[in-house]
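Worksheet for the structure shown next.
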Amino acid sequence: AQSVAQPEDQVNVAEGNPLTVKCTYSVSGNPYLFWYVQYPNRGLQFLLKYITGDNLVKGSYGFEAEFNKSQTSFHLKKPSALVSDSALYFCAVRDPMNRDDKIIFGKGTRLHILP
Amino acid sequence: DTAVSQTPKYLVTQMGNDKSIKCEQNLGHDTMYWYKQDSKKFLKIMFSYNNKELIINETVPNRFSPKSPDKAHLNLHINSLELGDSAVYFCASSQEVGGWYSPLHFGNGTRLTVT
Chain Y
1 AQSVAQPEDQ VNVAEGNPLT VKCTYSVSGN PYLFWYVQYP NRGLQFLLKY
51 ITGDNLVKGS YGFEAEFNKS QTSFHLKKPS ALVSDSALYF CAVRDPMNRD
101 DKIIFGKGTR LHILP
Chain L
1001 DTAVSQTPKY LVTQMGNDKS IKCEQNLGHD TMYWYKQDSK KFLKIMFSYN
1051 NKELIINETV PNRFSPKSPD KAHLNLHINS LELGDSAVYF CASSQEVGGW
1101 YSPLHFGNGT RLTVT
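Protein chains in written order, with the numbering used here: chain Y, 1 to 115; chain L, 1001 to 1115.
Structure representation (structure tokens):
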């Protein structure tokens, strides 16, 4: 069964500094990987995905993520953080070997950007 | 236009009552989901429907019964509500494209409080 781990409950970054939010996964085949962001009292919003191809994927709001198969990681990054990036970030994985399309979410990482 | 809309946004009710949450998507997607987010922000899939057919049914009490009258609607009925049912319930939708599923589009959630 697939699983995803976000080892950090919270990440604090000063505005203008680069940020990284970590994610590792476990699947039986090649994973489909996703990052979502949740603002207060809102549903999750899709940021970016990795299905196949280039290991570095770019998404919304200047975010990017790098797929690393050997380390089974898919860390979310941004070169220069904004205060408005403060939110709850979820990594998610789908195992395409399972046809039930079950997308499993990590427990979330709260990102605080300090002005 | 809201792509995935849920009603009501807030639902406060007493233990033992029966309540329903409605969800509609206007994206033309063929798959819809219910997720539960608890007080610690953990997000867990409950049900998934594809073209009105149940394809994922996680370990959820029988008191929860999804109903999909058509592929644009997925409602959640809950019988005999318990304190532990208090959570935010999210509806989501996606579309299968060439053997893989598009990212999930989430509604803004229904905050259920059972007293």
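Ideal Cβ placement from N, Cα and C applies to all residues, glycine included.
These numbers were taken from a predicted model, which means no experiment stands behind them.
Under the three-state DSSP convention, the category SER84 of chain Y falls into: The residue labelled residue 84 of chain Y in the question sits at position 84 within the first sequence. The DSSP-derived three-state label of SER84 of chain Y is helix.
Contact set between PRO1103 of chain L and chain Y, taken where Cβ atoms lie within less than 7 Å: Counted from its first residue, the second sequence places residue 1103 of chain L at position 103. In chain order: PHE34, PHE46 and LYS49.
At least three beta-carbon pairs within less than 8 Å, the stretch 21 to 32 of chain Y to the stretch 1 to 11 of chain Y: yes
Listed by chain order, chain L residues near GLY108 of chain Y by CB distance under 7 Å: Along the first sequence, read from residue 1 onward, the residue named residue 108 of chain Y stands at position 108. Ordered by position in chain L, the residues that pass the 7 Å Cβ test against GLY108 of chain Y are LYS1041.
Paired residues, beta bridge with TYR50 of chain Y - DSSP: Counting from 1 along the first sequence, the entry for residue 50 of chain Y is found at position 50. Looking at the DSSP assignment, TYR50 of chain Y forms a beta bridge with Y:LEU33.
Interface flag, GLN10 of chain Y vs chain L, CB-CB below 9 Å: Within the first sequence, the letter at position 10 stands for residue 10 of chain Y. It does not; no Cβ of chain L falls within 9 Å.
For ASN1050 of chain L and LYS69 of chain Y, the rounded distance between their alpha carbons: Here residue 69 of chain Y refers to the residue found at position 69 when the first sequence is read from its first residue. Here residue 1050 of chain L refers to the residue found at position 50 when the second sequence is read from its first residue. Spanning the two alpha carbons is a distance of roughly 31 Å.
Chain-ordered neighbours of PHE1064 of chain L on chain Y, where CB pairs are closer than 7 Å: By one-based count along the second sequence, residue 1064 of chain L stands at place 64. Neighbours of PHE1064 of chain L on chain Y: none; closest Cβ ~17 Å, over 7 Å.
Residue interval of the beta strand (DSSP E) (run including PRO1069 of chain L): The residue you call residue 1069 of chain L lines up with position 69 of the second sequence. Residues 1064 to 1070.
TYR1033 of chain L, buried or exposed, once every other Cβ within 10 Å from all chains shown has been counted against 16: Residue numbering aside, residue 1033 of chain L sits at position 33 when the second sequence is read from its first letter. A residue is called buried once 16 or more other Cβ atoms fall within 10 Å of its Cβ, and TYR1033 of chain L is buried on that count.
Span separating the alpha-carbon of TYR1010 of chain L from that of ASP1038 of chain L: Residue 1010 of chain L sits at position 10 when you count from the first residue of the second sequence. Residue 1038 of chain L sits at position 38 when you count from the first residue of the second sequence. Spanning the two alpha carbons is a distance of roughly 15 Å.
Closest residue to LEU1112 of chain L among L:ALA1092, L:HIS1073 and L:GLU1082 (Cα-Cα distance): Along the second sequence, one-based indexing puts residue 1112 of chain L at 112. Out of L:ALA1092, L:HIS1073 and L:GLU1082, L:GLU1082 has the C-alpha closest to the C-alpha of LEU1112 of chain L.
Inter-residue Cα distance where the pair is LEU56 of chain Y and PHE67 of chain Y: For the purposes of this step, residue 56 of chain Y is identified with residue 56 of the first sequence, where counting begins at 1. For the purposes of this step, residue 67 of chain Y is identified with residue 67 of the first sequence, where counting begins at 1. Whole-angstrom Cα-Cα distance: 6 Å.
Terminal residues of the beta strand (DSSP E) in which TYR61 of chain Y lies: To locate residue 61 of chain Y, count along the first sequence from 1; it is residue 61. Neither: TYR61 of chain Y is in no beta strand (DSSP E) and is coded neither H nor E.
Per-residue burial, SER1093 of chain L [other beta carbons within 10 Å of its own, 16 or more giving buried]: Along the second sequence, one-based indexing puts residue 1093 of chain L at 93. When all chains shown are included, SER1093 of chain L counts as buried.
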